[in-house]
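J.:
There are 2 protein chains.
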Amino acid sequence: MISTPVEIVIRSCGIMVDMATAKENPAGRRTARRRGRRPAGEDTRAALLAAAREVFAESGYHHATVRAIATRAGVDAAMVNHWFGGKDGLFAQAVLHVPFDVREIVEDVTADGPERLGENIVRRFVTTWDGAGGSVFVALVRSLTTHGEALDVLREVLLGKLLPAITSAAGSDQPDLRAALCATQILGLGMARYVAEVEPVASADVEALVTTVAPTLQRYLTGDLGQAGS
Amino acid sequence: MISTPVEIVIRSCGIMVDMATAKENPAGRRTARRRGRRPAGEDTRAALLAAAREVFAESGYHHATVRAIATRAGVDAAMVNHWFGGKDGLFAQAVLHVPFDVREIVEDVTADGPERLGENIVRRFVTTWDGAGGSVFVALVRSLTTHGEALDVLREVLLGKLLPAITSAAGSDQPDLRAALCATQILGLGMARYVAEVEPVASADVEALVTTVAPTLQRYLTGDLGQAGS
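As given, the protein sequences belong to chains X and B, one line each in that order. Just so it is clear: in the first sequence, position 171 is 171 by the UniProt record's numbering, and no numbers are missing. Just so it is clear: in the second sequence, position 52 is 52 by the UniProt record's numbering, and no numbers are missing.
(1) Quick check on this structure: which residue in X:T71, X:A94, X:A78, X:H82 has the alpha carbon closest to the alpha carbon of A50 of chain X?
(2) Just the chain B side, please: which residues come within less than 8 Å of R142 of chain X by C-beta, in chain order?
(3) Please name the residue in B:R72, B:R124, B:R142, B:G113 whose C-alpha comes closest to that of F58 of chain B.
(4) Can you tell me whether DSSP reads F100 of chain X as helix, strand or coil?
(5) Short check: CB of F91 of chain X to CB of A46 of chain X, under 8 Å?
(6) Using the rule of at least 16 other Cβ atoms within 10 Å of the residue's Cβ for burial, across every protein chain shown, is G113 of chain X buried or exposed?
(7) Classify P200 of chain X as helix, strand or coil using the three-state DSSP reduction.
(8) I believe A170 of chain B touches L225 of chain B by the beta-carbon criterion, under 8 Å. Please report the beta-carbon distance rounded to the nearest angstrom.
(9) Assuming A165 of chain X contacts V106 of chain X (C-beta within less than 8 Å), just tell me the rounded distance between them.
(10) As a quick exercise: from B:H82, B:L189, B:L162, B:R193, pick the residue whose alpha carbon is nearest that of R178 of chain B.
(11) Can you tell me whether V109 of chain X is helix, strand or coil according to DSSP?
(12) A192 of chain X versus chain B: which residues are under 7 Å apart at the beta carbon?
(13) Skipping 5 residues on each side, what residues in its chain have a beta carbon closer than 8 Å to that of G131 of chain B?
(14) Can you say whether Q227 of chain X is buried or exposed, counting buried as having 16 or more other CB atoms within 10 angstroms of its CB?
(15) Rounding to the nearest angstrom, what Cα-Cα distance links A68 of chain X and F84 of chain X in this structure?
(16) Just checking my contact of V210 of chain X with V122 of chain X at CB under 8 Å: how many whole Å lie between their CB atoms?
(17) Using only the alpha-carbon positions, how far apart do L221 of chain X and L221 of chain B sit?
(18) In the DSSP assignment, find the alpha helix (DSSP H) that holds A77 of chain X and state where it starts and stops.
(19) Which same chain residues, not among the five before or five after E42 of chain B, have their C-beta less than 8 Å away from its C-beta?
(20) Is DSSP giving D224 of chain X helix, strand or coil here?
(21) Report the three-state DSSP secondary structure of G60 of chain X (helix, strand or coil).
(22) Do you know how far the Cα of V195 of chain X is from the Cα of R219 of chain B?
(23) Please list, in chain order, all residues of the same chain as V102 of chain B whose beta carbon is under 7 Å from its beta carbon, the five residues on each side excluded.
(24) In its own chain, which residues sit with a C-beta less than 7 Å from the C-beta of A150 of chain B, not counting the 5 before and 5 after it?
(25) Whose Cβ in chain X lies nearer than 8 Å to the Cβ of D176 of chain B?
(26) Looking at E115 of chain X and A214 of chain X, is the spacing between their C-beta atoms short of 8 Å?
(27) Could you please tell me which residues of the segment 116-141 of chain X, in chain order, have their CB closer than 7 Å to any CB of chain B?
(28) Chain B beta carbons: is any one of them nearer than 8 Å to that of L151 of chain X?
(29) Could you check what DSSP says for V213 of chain X in three-state terms: helix, strand or coil?
(30) Output, in chain order, the set of chain B residues within a Cβ distance shorter than 8 Å of L225 of chain X.
(31) Can you grab the Cα-Cα spacing for the pair A159 of chain X / A180 of chain X, in whole Å?
(32) Taking C-alpha atoms, which residue in B:G223, B:H62, B:V141, B:V206 lies nearest to D173 of chain B?
(33) If you run the structure through DSSP and keep just helix, strand and coil, what is Q218 of chain X?
(34) Is there at least one Cβ from chain B nearer than 8 Å to L221 of chain X's Cβ?
(35) Would you say V95 of chain B faces chain X, with C-beta separation under 8 Å as the test?
(36) So with Cβ pairs under 8 Å, would you call V55 of chain X a contact of chain B?
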């Protein structure tokens, strides 16, 4: 029964898919389509996640439509934007198990102004992925190296939404370069802490990482990059 | 015939194994053991790489011995240390296709003194992996997320040999922390350039990356980490 590329991503995420399915939809994957009423709040979100896993697995990312997913979940299609910011955000959370909502994270890291962006990004990144369990980050990296669709979505979420919102909050010149430089440090922090498990970074407490790594992100966002022009 | 964990790593490296085998040992994998004479120089190195792939595939990393590999290659076991710095370095180059020799890279990046380490590391890292082709880095990251043995060896090469030699050259306090912080930035630079292909980092020229990223590594190696004590 497993045949589409997206199902391969789902399998590559292994245990996390099972955990997420069990938590959000304990009665099994067919529950969502049997609902007779429109669920509200977190129920809507959970129904969309369950329906999205089915539709992405059946149709693949590019052929799956927001309308089809919403219909199967028994909710209005506008709820996809409301809860996930669009199809890519829904894919990221339903299939890739990215443990955050982009708008929520942008609000969180920009709340204290441009000069504390570096600190807030490191703190939020580490607490989010620590909370999800390092294996979720490992599964994500694995899906990036084995499946182009996963890479497309992550790039869209990271570079199309998350980092532009942050460089905009920073008032940065050269926003694309600064965003990409931030990506190098934050991806690498995740690689060293969760994949390669390089000590003492792997077991350092959050504030120690904030102290040592945040200045790098702050320079990338608002500091002197040492270049003349772009 | 494919059954050992190491063979799984070899398969995960896909095309690179074929390319390497074709280049180093065009007559096929059994050539090395048929040699009647002890080859010299690059021939010794190529014979050891070919023999290592066979022995690691048959026995796994932990059970393969330097003596067995050298015997199959028809060379003295001391040649493994001479060319690869030990079993882990031989595994890294033969199976994981890490495109560098640790001692050569240490000599190269430390040649201009402690204050130019950041610059030399970025320049050497980018030129080495650009030269190997981005797919080699992607294959390496994939092997790290799918195979514990690959991770062990990389950690041993990176943290047991390469980074300690660099922090030693830097005269750094807190060498383990500084080495791990360097690992975060350099792994992340590779992730952004070769795996996620984040622009403009993915297609930036080497010197632009040196200008923007080297100050991070230099601070991690010789700068103020903002901590009181360790």
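We put the beta carbon where it would ideally sit given N, CA and C, even for glycine. Fair warning: this is a prediction, and the values are worked out from it, not measured in the lab.
T.: Let me spell this out:
(1) For the purposes of this step, residue 50 of chain X is identified with residue 50 of the first sequence, where counting begins at 1. Distances from the CA of A50 of chain X to each of X:T71, X:A94, X:A78, X:H82 were compared; the closest alpha carbon is that of X:A94.
(2) Mapped onto the first sequence, residue 142 of chain X falls at position 142. Within chain B, the residues near R142 of chain X are R142, T145, T146.
(3) For the purposes of this step, residue 58 of chain B is taken as residue 58 along the second sequence, with counting starting at 1. Looking at the sequence provided, one finds Glu at residue 58 of chain B rather than Phe. When C-alpha distances from E58 of chain B are compared across B:R72, B:R124, B:R142, B:G113, the shortest belongs to B:R72.
(4) Reading the first sequence from its first residue, position 100 is the one you call residue 100 of chain X. The answer is coil: DSSP assigns F100 of chain X none of H, G, I, E or B.
(5) What you label residue 91 of chain X is simply residue 91 of the first sequence in a count that begins at 1. What you label residue 46 of chain X is simply residue 46 of the first sequence in a count that begins at 1. No, the pair does not count as a contact, with Cβ atoms beyond the cut-off.
(6) Sequence index remark: in the first sequence, residue 113 of chain X carries index 113 (1-based). With fewer than 16 Cβ atoms within 10 Å of its Cβ, G113 of chain X is classed as exposed.
(7) Here residue 200 of chain X is taken as the residue at index 200 of the first sequence, counted from 1. Correct three-state label for P200 of chain X: coil.
(8) Within the second sequence, the letter at position 170 stands for residue 170 of chain B. Within the second sequence, the letter at position 225 stands for residue 225 of chain B. Not confirmed; about 13 Å, so no contact.
(9) Looking up residue 165 of chain X in the first sequence gives position 165. Looking up residue 106 of chain X in the first sequence gives position 106. Confirmed, about 4 Å.
(10) As a first step, residue 178 of chain B is located in the second sequence; it is residue number 178 there, counting from the start. Of the candidates B:H82, B:L189, B:L162, B:R193, the residue whose Cα lies closest to the Cα of R178 of chain B is B:L162.
(11) Taking the first sequence and counting its residues from 1, one reaches residue 109 of chain X at position 109. Reduced to three states, the DSSP call for V109 of chain X is helix.
(12) Here residue 192 of chain X refers to the residue found at position 192 when the first sequence is read from its first residue. Residues of chain B passing the Cβ test: A180, A183, T184, L187.
(13) The sequence position of residue 131 of chain B within the second sequence is 131, counting from 1. If we look at G131 of chain B and ignore the five residues flanking it on each side, its Cβ neighbours are P99.
(14) Here residue 227 of chain X refers to the residue found at position 227 of the first sequence. Classification for Q227 of chain X: exposed.
(15) The residue you call residue 68 of chain X lines up with position 68 of the first sequence. The residue you call residue 84 of chain X lines up with position 84 of the first sequence. Taking the straight line joining both Cα atoms gives about 16 Å.
(16) Here the question's residue 210 of chain X lines up with position 210 in the first sequence. Here the question's residue 122 of chain X lines up with position 122 in the first sequence. Confirmed, Cβ separation roughly 5 Å.
(17) As a position in the first sequence, residue 221 of chain X is number 221, starting the count at 1. As a position in the second sequence, residue 221 of chain B is number 221, starting the count at 1. The alpha-carbon atoms of L221 of chain X and L221 of chain B are separated by roughly 21 Å.
(18) The residue you call residue 77 of chain X lines up with position 77 of the first sequence. Unbroken run through A77 of chain X: none, as it is neither H nor E.
(19) Residue mapping note: residue 42 of chain B aligns to position 42 of the second sequence, counting from 1. Here the set comprises nothing.
(20) On the first sequence, position 224 is the one that residue 224 of chain X refers to. Correct three-state label for D224 of chain X: coil.
(21) Along the first sequence, one-based indexing puts residue 60 of chain X at 60. Of the three classes helix, strand and coil, the one that applies to G60 of chain X here is helix, per DSSP.
(22) The sequence position of residue 219 of chain B within the second sequence is 219, counting from 1. The sequence position of residue 195 of chain X within the first sequence is 195, counting from 1. Their Cα atoms are separated by approximately 24 Å.
(23) For this step, residue 102 of chain B is matched to residue 102 along the second sequence. So the list reads G85, G89, V157, K161, L162, once near-sequence residues are dropped.
(24) By one-based count along the second sequence, residue 150 of chain B stands at place 150. Counting only Cβ-Cβ distances below 7 Å, and skipping sequence neighbours, we find V9, L96, S143, L144.
(25) Translated into the one-based positions of the second sequence, residue 176 of chain B becomes position 176. Within chain X, the residues near D176 of chain B are E199, P200.
(26) By one-based count along the first sequence, residue 214 of chain X stands at place 214. By one-based count along the first sequence, residue 115 of chain X stands at place 115. It is not a contact, given that the beta carbons lie outside the stated cut-off.
(27) V138, V141
(28) For the purposes of this step, residue 151 of chain X is taken as residue 151 along the first sequence, with counting starting at 1. Yes - at least one Cβ of chain B is within 8 Å of the one on L151 of chain X.
(29) Along the first sequence, read from residue 1 onward, the residue named residue 213 of chain X stands at position 213. For V213 of chain X, the three-state secondary structure derived from DSSP is helix.
(30) Along the first sequence, read from residue 1 onward, the residue named residue 225 of chain X stands at position 225. Simply T211, T212.
(31) Taking the first sequence and counting its residues from 1, the one referred to as residue 159 of chain X is at position 159. Taking the first sequence and counting its residues from 1, the one referred to as residue 180 of chain X is at position 180. It should be pointed out that residue 159 of chain X corresponds to Leu in this sequence rather than to Ala. Computed Cα separation, rounded: 8 Å.
(32) The residue you call residue 173 of chain B lines up with position 173 of the second sequence. Nearest option by C-alpha distance: B:G223.
(33) Looking up residue 218 of chain X in the first sequence gives position 218. Q218 of chain X: helix per DSSP, three-state reduction.
(34) Start at 1 with the first residue of the first sequence, and residue 221 of chain X comes out as number 221. It does not: the Cβ of L221 of chain X has no partner Cβ on chain B nearer than 8 Å.
(35) Translated into positions along the second sequence, residue 95 of chain B becomes position 95. Closer than 8 Å: no.
(36) Position 55 of the first sequence holds residue 55 of chain X. No - not a single Cβ of chain B is within 8 Å of the one on V55 of chain X.
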